[in-house]
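The block underneath contains the structure these notes are about, expressed in structure tokens.
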Amino acid sequence: RIFAHLSSIGVWDGNDWVSEYAYDLNPPRLNAFEVNFNLETLTLIFSETVRSATLNVTQITLYETAQDGVGQEYTLTAGTLNTTDDPIVTFTLSKQDLVAIKQRIFLATDTNNTYLALTNSTIRDMHGNYVVERNQTAALKVRNYTRDATRPRLVRFDLDMDAPTITLTFDEAVNSLTLQADAITL
């Protein structure tokens, strides 16, 4: 509770009057991150509680390496928030982002090529302070990495006897070089 008393303002903290109050000017920092491609989630671990509604995933970029200008990269386009205000924020990656990441064969395939950078516009803390920016050279290496262990599922096929071709459509990106045509039976 805040009470005005003639010429001063005091704050009652439940036990005593607090006459001095320091506003939080310390920005949150990204301490670690985890990726779970089996659950299709990305988890961000901050130094303090952040306001999850301010999360802007389009300000997050995954890198193959923390060396400037080296390797593959991908900036996220969308995601679905799974948490409330907390130091740990988890969101589900969009299907578009998952496909794009999996198409980059040297990016985010294990702990050695999964780094994350973010701009200061990515998220804010409970007092409105923007997160400390991390560019590629300051990108964090993934702390916990869970690979995609779910097999792709064939959702459709088209057979053109005039061409002759068969087109296979899967529920996720696949490596076409691993196709064994002689294993297909109609």
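With my numbering applied, the sequence shown corresponds to residues -11 to 174, in that order.
Backbone N, C-alpha and C fix where the C-beta goes; we use that ideal spot for every residue, glycine too.
Proximity of Phe21 and Leu104 at Cβ, strictly below 8 Å: yes
Same chain, Cβ closer than 7 Å to Leu18, five either side skipped, listed in chain order: Leu32, Phe34, Leu106, Val119, Arg122, Leu128
Coil, strand or helix - Ser82 by DSSP: coil
Of the residues Gly116, Ile93, His115, Lys83, the one placed nearest Phe158, counting alpha carbons only: Lys83
Beta-carbon proximity of Ile38 to Ile111, cut-off 8 Å: This sequence places Val at residue 38; Ile is not what is there. Cβ distance < 8 Å, so Val38 and Ile111 count as in contact.
Whole-angstrom distance between Ala41 and Thr78, CA atom to CA atom: 12 Å
CB of Leu64 within 8 Å of CB of Val87, strictly: Val87 is positioned such that its CB atom lies no closer than 8 Å to that of Leu64.
Neighbour-count burial assignment, Thr102, 16 or more Cβ in a 10 Å radius: buried
DSSP-derived helix/strand/coil call for His(-7): Because the pLDDT of His(-7) is 46, which lies under 50, any placement of that residue in the model is unreliable, and the number read from its coordinates should be weighed accordingly. His(-7) falls in the strand class under three-state DSSP.
Backbone CA spacing between Asn70 and Val162 [nearest angstrom]: 27 Å
Range covered by the beta strand (DSSP E) that runs through Glu61: 61 to 63 is the extent of the beta strand (DSSP E) around Glu61.
DSSP beta-bridge partners of Lys129: For Lys129, the pairing in a beta bridge is given by DSSP as Tyr103.
Cβ-Cβ distance between Thr99 and Thr80 below 8 Å: no
DSSP state of Thr166 mapped onto helix, strand, coil: helix
According to DSSP, residues forming a beta bridge with Gly67: Leu81
Contacts around Ile89, its chain only, beta-carbon distance under 7 Å, and the 5 residues preceding and following it disregarded: Leu50, Tyr62, Leu95, Ala96
For Asp74, the nearest candidate out of Leu43, Thr153, Glu28 (CA to CA): Of all alpha-carbon atoms in Leu43, Thr153, Glu28, the one lying nearest the alpha-carbon of Asp74 is that of Leu43.
Pair within 8 Å by beta-carbon distance, Leu165 and Ile154: no
Helix, strand or coil at Ser35 [DSSP, three-state]: Strand at Ser35.
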